[in-house]
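To start, the structure itself, in structure tokens.
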Amino acid sequence: MNWNERLKTKTLETIRTSAIKPSPIRNLKRLLPYAAALISLILGGLMYFIVVKKQATPISYRMVLNDVEAQNNNAEIRLSNGKVLQVSSQKGALVSGDKLTYEDGTVLQNESLKEDLMATVNTPAGTMLKLQLEDGSEITLNAKTTLKYPLHFAKNKRVVEVDGEAYFKIAKNKKVPFQVVSNGQLIEVTGTEFNVNTYSKSQSSTTLVEGSINLSAQGQTLQLRPNQQALLASGQLSKKVVDPANYIAWLDNKFYFNETDLHTALQLIGQWYDLQIIYTQPIKETLLYGEIQRTKSLSAVLKILERSHIKFELIQENGIRKLFVSN
40 MNWNERLKTK TLETIRTSAI KPSPIRNLKR LLPYAAALIS LILGGLMYFI
90 VVKKQATPIS YRMVLNDVEA QNNNAEIRLS NGKVLQVSSQ KGALVSGDKL
140 TYEDGTVLQN ESLKEDLMAT VNTPAGTMLK LQLEDGSEIT LNAKTTLKYP
190 LHFAKNKRVV EVDGEAYFKI AKNKKVPFQV VSNGQLIEVT GTEFNVNTYS
240 KSQSSTTLVE GSINLSAQGQ TLQLRPNQQA LLASGQLSKK VVDPANYIAW
290 LDNKFYFNET DLHTALQLIG QWYDLQIIYT QPIKETLLYG EIQRTKSLSA
340 VLKILERSHI KFELIQENGI RKLFVSN
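Residues in the sequence shown are numbered from 40 upward in steps of one, following this note's numbering.
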């Protein structure tokens, strides 16, 4: 079952559990907006929808700045020999080998790369980048993420460092484990798929999709199986069962909400559009369901959130875009 089918199923469940029982006619009227949204989604005519567990009122937002478009900037790669290269996210994966090339065959770096050369990749806001490492492993970086890796792995180890969010699809090699160093934790695998998120320095999450991984931090260790997530918070490791679809929809360039509180949703939006989120007053609890394409402009995204009964004001101070949020 793909992510869209899962989303349709979850929406049907939401509609069923949200129904109120006073009378068939009244119940039908309450369900009409949700049914219309679901039918539109199934027919392929709607790119997004939001279901909110509270009565909706129109949004009020004032754009003091010009609208913020979804960005698609070049990423930057710094080599340990001092060279800095601009990397396009539009030419497919960046492939490491004897030379740096794109997936479409375009050469980024003509010179032969030395065995001990390290690379540090940075993705700005609004930009994703896919890399293919020398061993065939693939790593997709979300916005505002840093990855440090060797262009050529040693014979007895494969080690990378990540800060931000990245999805790993590791080539199998039982003789040479793959290690990810991230925010005080060490993840070790031989061949698997998983997502690492360290955007919040107070809590890191590792979500396993396929295979198994061993994770250690501050003297603690645990093993993950598919559909499990490890959390590192306040120096403590824990794990729980999750639906990976909730955590990897960004690979399809989407915001995905499944019983997501408004604060978390705005944190994701701020991360993508490079915004500082400022709450001018306590916000009432609101849960969101649905998805929004991250290619949309900020004003379009705010309008989609109109059922959240929230007011927004966007300003810029000293080069920093600030989104003020109030009831």
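Backbone N, C-alpha and C fix where the C-beta goes; we use that ideal spot for every residue, glycine too. Just so it is clear, the structure is predicted and the values come from calculations on it, not from any experiment.
| Item | Value |
| --- | --- |
| Quick one: grab the DSSP three-state call for Ile252. | strand |
| Are there 16 or more other CB atoms within 10 angstroms of the CB of Val146, so buried, or fewer, so exposed? | exposed |
| Going straight from the alpha carbon of Glu52 to that of Thr325, what length do you get? | The predicted model places Glu52 with a pLDDT of 42, which falls under 50 and marks its position as unreliable, so this point remains unresolved. |
| Can you tell me whether DSSP reads Val281 as helix, strand or coil? | coil |
| Going by C-alpha to C-alpha distance, which of Gly329, Ser255, Glu249 and Glu345 sits closest to Gln267? | Glu249 |
| Which of helix, strand or coil does DSSP assign to Thr245? | strand |
| Given that a residue counts as buried once 16 or more other Cβ atoms are within 10 Å of its Cβ, and exposed if not, what is Val280? | exposed |
| Excluding sequence positions up to five away, which residues of its chain have a Cβ less than 7 angstroms from the Cβ of Gly358? | none |
| Which residues mark the beginning and the end of the alpha helix (DSSP H) in which Lys342 is found? | Leu337 to Ile343 |
| For the region 204 to 218 and the region 171 to 180, state whether three or more C-beta atom pairs, one from each stretch, are separated by less than 8 angstroms. | yes |
| For Gln315, collect the residues of the same chain with a Cβ closer than 8 angstroms to its Cβ; drop the 5 residues on either side in sequence, then sort them by chain order. | Gly309, Ile359, Arg360, Lys361 and Leu362 |
| Apart from the five residues on each side of it in sequence, which residues of its chain come closer than 6 angstroms, Cβ to Cβ, to Ser119? | Leu156 and Met157 |
| Between which residues of its own chain and Pro216 is the CB-CB distance below 8 angstroms, once the five residues before and five after are set aside? | Lys196, Arg197, Glu227, Val228 and Thr229 |
| Using the Cα positions of Leu290 and Val364, report the straight-line distance between them to the nearest angstrom. | 28 angstroms |
| Quick check on the DSSP output: the alpha helix (DSSP H) that includes Tyr367 runs from which residue to which? | Because residue 367 is not part of the residues shown, which for the chain are 40 to 366, the question remains open. |
| Tell me which same chain residues have a C-beta within less than 6 angstroms of the C-beta of Leu367, skipping the five on either side of it? | Any question about residue 367 goes unanswered here, given that the chain covers just 40 to 366. |
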